[in-house]
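Working notes, structure below.
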Amino acid sequence: MDVYFVLSGITFVWNDEKSRINPINHDGIMKVEALKKRLEKNRPMTTITIRIPEDVIEDLKRVAPLLGFSGYQPLMRAYIGQGLRADLERLEGDTISALVASLKRHGVSDEVLQEALSEITPR
Numbered sequence: 001m002d003v004y005f006v007l008s009g010i011t012f013v014w015n016d017e018k019s020r021i022n023p024i025n026h027d028g029i030m031k032v033e034a035l036k037k038r039l040e041k042n043r044p045m046t047t048i049t050i051r052i053p054e055d056v057i058e059d060l061k062r063v064a065p066l067l068g069f070s071g072y073q074p075l076m077r078a079y080i081g082q083g084l085r086a087d088l089e090r091l092e093g094d095t096i097s098a099l100v101a102s103l104k105r106h107g108v109s110d111e112v113l114q115e116a117l118s119e120i121t122p123r
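Under the working numbering, the letters of the sequence shown match residues 1 to 123, in that order.
If you want it as structure tokens, here you go:
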């Protein structure tokens, strides 16, 4: 089902296909579902081999219990997840910036863009 909305004479469309293509950019159900999947304890895992300096592993082993982790591997997964989420958030911001630039080129005023952005920006 397509959902259309008009803002200052510009028609926008949202649908399930767009939310599946990039669920990060859609607040609502798809983002909640993606978050629920990330929080599942029994998510499928795969084994990888990675070369890391020994001193880094020793530091991870020392820090992990101090931060409440059962070992250095869960801490490494947490660090990777944090970095990945930060990059995904940054890239989402880049997508929004590109959309704003495109709308400006199509004549949408700064006032209208600011109003629209204020509606979707977390408070």
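Note that beta-carbon positions come from the ideal geometry of N, C-alpha and C, so glycine has one too. All values reported here derive from a predicted model rather than from experimental measurement.
7 Å Cβ cutoff met for residue i and residue j
| i | j | result |
| --- | --- | --- |
| residue 72 | residue 64 | yes |
| residue 113 | residue 100 | yes |
Rounded straight-line distance, which links the Cα of residue j to that of residue i
| i | j | result |
| --- | --- | --- |
| residue 76 | residue 119 | 36 Å |
| residue 44 | residue 37 | 11 Å |
| residue 62 | residue 97 | 41 Å |
| residue 66 | residue 102 | 48 Å |
| residue 87 | residue 81 | 10 Å |
| residue 59 | residue 52 | 11 Å |
| residue 40 | residue 105 | 42 Å |
| residue 48 | residue 74 | 14 Å |
| residue 85 | residue 94 | 14 Å |
C-beta neighbour in chain D for residue i, strict 7 Å
| i | result |
| --- | --- |
| residue 87 | Although the question refers to chain D, the structure presented lacks it and comprises just one protein chain. |
Segments assigned beta strand (DSSP E), at least 3 residues, entirely inside the region 44–116: Here no run is fully enclosed.
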